[in-house]
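One point on numbering: in my numbering, the residue at position 215 of the sequence shown is 820, and numbering is uninterrupted.
Each residue gets a CB set at the ideal place from its N, CA and C atoms; glycine is no exception.
Data block below; observations after.
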Amino acid sequence: MLSSESVAATFLSHGSADLHPVMKSLRDEAPVFFSEDLHMWIVSRYDDVTEILKNAELFPASTRSIIMSSYPPEVREVLASTSTFTAPNMGFDGSPAHERLRKPVVPYFSAKGARLLEPRIEEIAGLRAEEVPAEPPVDLVQAYARPLANSVVIALAGFPAEDHDRILRYHRAVNEFFFGRPPAHLQLDYAHDLLEWEQYLSALLAARRRDPRDDLISLLTRKVARGEADYTEQELISFLSFDVVTAVDQGRQLFGRWSTRR
Numbered sequence: 606m607l608s609s610e611s612v613a614a615t616f617l618s619h620g621s622a623d624l625h626p627v628m629k630s631l632r633d634e635a636p637v638f639f640s641e642d643l644h645m646w647i648v649s650r651y652d653d654v655t656e657i658l659k660n661a662e663l664f665p666a667s668t669r670s671i672i673m674s675s676y677p678p679e680v681r682e683v684l685a686s687t688s689t690f691t692a693p694n695m696g697f698d699g700s701p702a703h704e705r706l707r708k709p710v711v712p713y714f715s716a717k718g719a720r721l722l723e724p725r726i727e728e729i730a731g732l733r734a735e736e737v738p739a740e741p742p743v744d745l746v747q748a749y750a751r752p753l754a755n756s757v758v759i760a761l762a763g764f765p766a767e768d769h770d771r772i773l774r775y776h777r778a779v780n781e782f783f784f785g786r787p788p789a790h791l792q793l794d795y796a797h798d799l800l801e802w803e804q805y806l807s808a809l810l811a812a813r814r815r816d817p818r819d820d821l822i823s824l825l826t827r828k829v830a831r832g833e834a835d836y837t838e839q840e841l842i843s844f845l846s847f848d849v850v851t852a853v854d855q856g857r858q859l860f861g862r863w864s865t866r867r
């Protein structure tokens, strides 16, 4: 029998073996299911999901207000002061904001753009490969795939390599709020980490305006200055905070569930 608690526990457990059975039960028994624990509706049948995705006006993509509502007032107050939780981004907003924000960065991630990035990605891949332990057993996801994904995103976005660990700490806070649930005693600390993260991003944007480089952050700041991209400062911060670091990492985690050992 489906319960809000059991469904929420499955959805919040990365790599849960119960995911596929729970999804089948949802499709068979409750294709439109409200979870009190997740504070959101879960739609599980393909045709229904397709209809929702096609109708952004009736079904807006953003669930940030729902996520915030599940936290105590003092945590909500901090989150509500952040751009990550208030400014549009591609991960949580549909048309027309999604298209407006997506258009300026499409060339960077196009096939042509990827070819230009290939030498740098190969260099990073080579350096990470040298760090893989020579003796088995080796978990290739933990030892290679995850560090490689993190390093590539950090480098190509334009984050300083020396801030790698700091960025991952900030990312943990964002990721926990959006895709998990921080323990009650850590929620306020994580919320303040998010504030500190955005202060870091604001300072980095200012630095790239003064001293542009060959990276995504510099590309966007140039396009905004020339009127070729319609981003507010808050949207730039939200884009970097969520779309670049957190959303890319979610894809890495999905692949990371299938660990290859040698």
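A direct Cα-to-Cα measurement between S807 and P709 gives close to 19 Å.
For F616, the uninterrupted alpha helix (DSSP H) run begins and ends at S609 to F616, by DSSP.
N660 counts as exposed, since fewer than 16 other C-beta atoms from the protein chains shown sit within 10 angstroms of its C-beta. If only complete runs of 4 or more residues are kept, the stretch 715 to 748 shows the alpha helix (DSSP H) at 716 to 735, in order along the chain.
Taking C-beta atoms as the reference points, R831 and P817 fail to come closer than 8 Å. A straight line joining the alpha-carbon of S823 with that of P701 spans about 24 Å. Under DSSP, S700 takes part in no beta bridge, so it has no partner.
Taking a 10 Å sphere around the C-beta of I671, we find fewer than 16 other C-beta atoms and assign the residue as exposed. Within the model, the alpha-carbon separation for S630 versus F638 is close to 11 Å.
Apart from sequence neighbours up to five positions away, the residues of its chain that approach R814 with a beta-carbon distance below 6 Å are T826, ordered along the chain. Per DSSP, the beta-bridge partners of V637 are V648.
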